[in-house]
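Residue numbers (this note's numbering): 8 to 1035.
Just so you know, even glycine gets a beta-carbon here, dropped at the ideal spot from N, CA and C.
Being a predicted model, the structure only gives us computed values, none of them experimental.
Right, one structure below, let's go through it.
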């Protein structure tokens, strides 16, 4: 009784605890829903109080334990963010849903089954007679050929592409019953009811249709197989089964098929050979028809099955055909129609008219070791898949069943429902292990591929069928939005790659979407189309919220939108979008809560005509126009001279058209930068009320007069600005010691770049990874003391000539770099930087991604040497239209016109930021993208140095390369690897491990400068400190 009471008390305590957790969970859901409503209403919420997904997931784990799955909680959180008023069922966080769908429906998904039935391929029998059927199919694995023989005499050879290689028609009055391949004679043997046919399928010309006929035979031949004899050249043994229960062994030699025709005869005739001239032996093993005969090389014996209930299966060596000794017999009711042998499981599988599949041990004939029941009709064929350990059985009703031979479980059932009444029976079936395919023969030949073969041979998956125009990342939902030229919007999960939803024809039929943007909260996104229309959507549900309709007098593609940027709205319940049109117009679009239509409320005047003829700046007058609402940019007018006449029909006007824009709105700066088609940078400064031409190509370097102005076209422009808080964090970060940094780094390089990322200056540039940081807007944080002063922003431009150029706001060129890739001078198309402006990513038209370190370069005086290209890799085969760096995942996303979005895990990016050095003898590696290769052998124990010149160094890390350096009198005179290494290259060696020792090996003399080997001071790694 005490034990029962204790159990009841424990159960009651658990129920009480769980109820309390449910109550807390309901409060958490209510609090999260209320906060999301406030965010949508435009209310400001402190980051410390905001309930993001990570905080929500941590709270749920604290309530219900660590067994709650991340994907279930994420699904619940997304549902809550999309509809705050929806009923929340706590069961959903445990993966249980109230649904009327069949729970096993997902398990019956075709892609989870063994054979992909819907991908069945059918081949018709060409050139055969009416109502002919395939009686036998044989696979020749080492030649990858397939042989079929039809009942009425058509023998066909297919190549590995299932195309007819050769064929012949046997003009015999009897039907063909089987065929096989003579391994030594390299010919095809077929049996009819009374004869044996031997055909040389490799013959050419008129002799191609000639064959040998061996007759007469004592009984009607029903089946045939060839015994492989690798030790006997020019000789093959043929096993035959007939309707008298006899098993015949027929021996044929190459001399038996010599051609004895006269040379005068042009056309050779089919030869008839007497069967009495061949060596043969036979023995009666069954009392009924021999249905199937096979030779099992693994058991060194043959097997034959019959409809005889007493002698259903005989398994013996070939010698037993020559004597009358007892043979091994297996009995089963109503006999056996077919059998096969599984080598790995060492079982013989039989099936017959009793509809039961039996598994026999080859040496135990008294009782089967297993039975498989399920067929409703007679079993006619059985084959095995050795690799997957599957058995495929076929019944006379054309029902296939796939079994697991190890667990004796049923894996799949499918039915061949095609064909008329005369095509009901399948006469032959084999499994092609070379191509992972089940092949059946009836009036047609059907091929059922394995599901894994279909999945493995699929092409590289593409995100869209057409080229991608836009890619965006929503950092709050951890989702990627893509839009293709067919105007299909798709939203994907970043972690799993699964599609969340898609929107077809978002701007109407046959209207291409050309631009898009996500707002700061992540709940909305805007799209712009080829016809100038703009629509705002709910990101979570994909529901359209607002629209800017097309103007009545708009010309085609004149108002095509090239860029959209969400602006910070000054008031609640409104949206502001900055838009760049193809004609160079920059305008602001407003959306109000109570209006479904968007409207253009602000537009920049056309300043291009006034920046001609050497004029570099135009002043702006702030308009006195009264507005009911505050907007981020004031209304402006150009202050120009009255006698200025606007030029007309000037060809340079079109080259000054704006091609790309970027904006910067922080404390003290309110800027819009625009890049034009001829390389001119136009800067709108709303603080100083000026618009000026920051840069002209001829101002900073000599321009080739034969070069077209579009050679300097700016494809993308970006502000580089580090906030005071980022600068403070950078200055407070601890710096790894030289030895720690060197020991924690491994050689990193890429296909396109030979420069290492382990330059010594990187050590002073390591900062904490700021997850989810945004560029601060107009507000400072007065509570934070000792903030360093923010440096002026820098402009970076990506040009058509392949150059990457960095500028001050005054127009001074700070850096002009040609990225190092496989080919030089490749046009750059996209730019991106992280939240604290430590790295710069660029994509080009050949699919390369270039990664640069700009952390120290942004600090005055902007030393060119501190701007370093770290990596370069080929992400796509075609042009990259967008590159994005996801900081919290350390992933680089790229979208291309090839229709795909790809991501690369940048494990080496952590070297740019602060991280704890690994412990001694522990090597951090990331092999995510090299799973197909064998794992490298990483020595996790120290290696002892056996080099006499460096015995004092002791032990070194196994992951570091070992260099031979002559010990100088003082460490201060140690050479730097990559600077003076040419002088001592003859003394260098690379370390090789063999038997636990390090062997010396002379390195080839080559220039290290050409290979861009970094400067690494190895003194601290290989020499002990010398006390002063």
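When the alpha-carbon of residue 123 is set against those of 409, 25 and 365, the nearest one is in 409. Under the DSSP definition of a beta bridge, residue 100 lacks any partner. Taking every protein chain shown into account, the CB of residue 561 has fewer than 16 other CB atoms within 10 angstroms, so this residue is exposed. The alpha-carbon of residue 56 is positioned some 33 Å away from that of residue 838.
Residue 130 places its beta carbon 7 Å or farther from that of residue 156. By the CB criterion at 7 Å, residue 505 and residue 495 fall outside the cutoff. From the listed residues 580, 910, 610 and 263, the smallest Cα separation to residue 594 is found for 610. The Cβ atoms of residue 308 and residue 322 sit closer than 7 Å to each other. Residue 486 counts as buried, since no fewer than 16 other beta carbons sit within 10 angstroms of its beta carbon. Linking residue 293 to residue 324 through their CA atoms gives a straight-line distance of about 16 Å. Residue burial is scored here from C-beta neighbours: residue 542 has at least 16 other C-beta atoms within 10 angstroms and is therefore classed as buried. Per DSSP, the beta bridge partners of residue 606 are 597. If you check the CB distance, residue 624 and residue 518 do not come in under 7 Å. Cβ-Cβ distances below 6 Å link residue 869 to 821 in the same chain, with the five nearest sequence neighbours on each side left out; the list follows chain order.
Between the region 26-39 and the region 63-71 there are three or more C-beta pairs closer than 8 Å, enough to call the two in contact. Per DSSP, the unbroken alpha helix (DSSP H) holding residue 70 starts and ends at 60-71.
Its Cα nearest to that of residue 850, the residue 884 stands out among 701, 884 and 687. Take the alpha-carbon of residue 558 and the one of residue 62: they are about 46 Å apart.
Cβ atoms of residue 476 and residue 520 come within 8 Å of each other, at about 6 Å. Between residue 567 and residue 529 a beta carbon distance of about 27 Å is seen, past the 8 Å cut, so the two are scored as non-contacting. Counting C-beta pairs with one atom in each stretch, the region 222-242 and the region 168-176 have fewer than three that are closer than 8 Å, which means they do not touch. Comparing alpha-carbon positions, the option among 525, 336, 358 and 513 lying closest to residue 483 turns out to be 525.
By the Cβ neighbour-count rule, residue 480 is buried, with 16 or more other Cβ atoms within 10 Å of its own.
Setting aside the 5 residues that flank it on each side, residue 199 is surrounded in the same chain by 179, 181 and 183, each with a C-beta closer than 6 Å to its C-beta; the list follows chain order. Within the region 258-318, the runs of beta strand (DSSP E) at least 3 residues long that lie entirely inside it are, in chain order, 278-281, 286-291, 297-303 and 308-313.
Under the DSSP assignment, residue 456 falls in the beta strand (DSSP E) whose first and last residues are 451-456.
The C-alpha of residue 218 lies about 20 Å from the C-alpha of residue 147. Within its own chain, the residues whose Cβ lies closer than 7 Å to the Cβ of residue 473, once the five positions on either side in sequence are excluded, are 491, 492, 493 and 906, listed in chain order.
Note: residue 581 is bridge-paired with 599 in the DSSP secondary-structure output.
Within the same chain, Cβ atoms closer than 6 Å to the Cβ of residue 549 are found at 508 and 510, the five residues on either side in sequence being excluded. Within the same chain, Cβ atoms closer than 7 Å to the Cβ of residue 439 are found at 146 and 446, the five residues on either side in sequence being excluded.
With distances taken between CA atoms, residue 305 lies nearest to 350 out of 262, 350, 87 and 590. Burial state of residue 458 is buried, judged by a 10 Å Cβ sphere holding 16 or more other Cβ atoms.
Between residue 818 and residue 908, the C-beta spacing is not below 7 Å.
In this structure, the alpha-carbon of residue 452 lies about 15 Å from that of residue 407.
A residue is called buried once 16 or more other Cβ atoms fall within 10 Å of its Cβ, and residue 399 is buried on that count.
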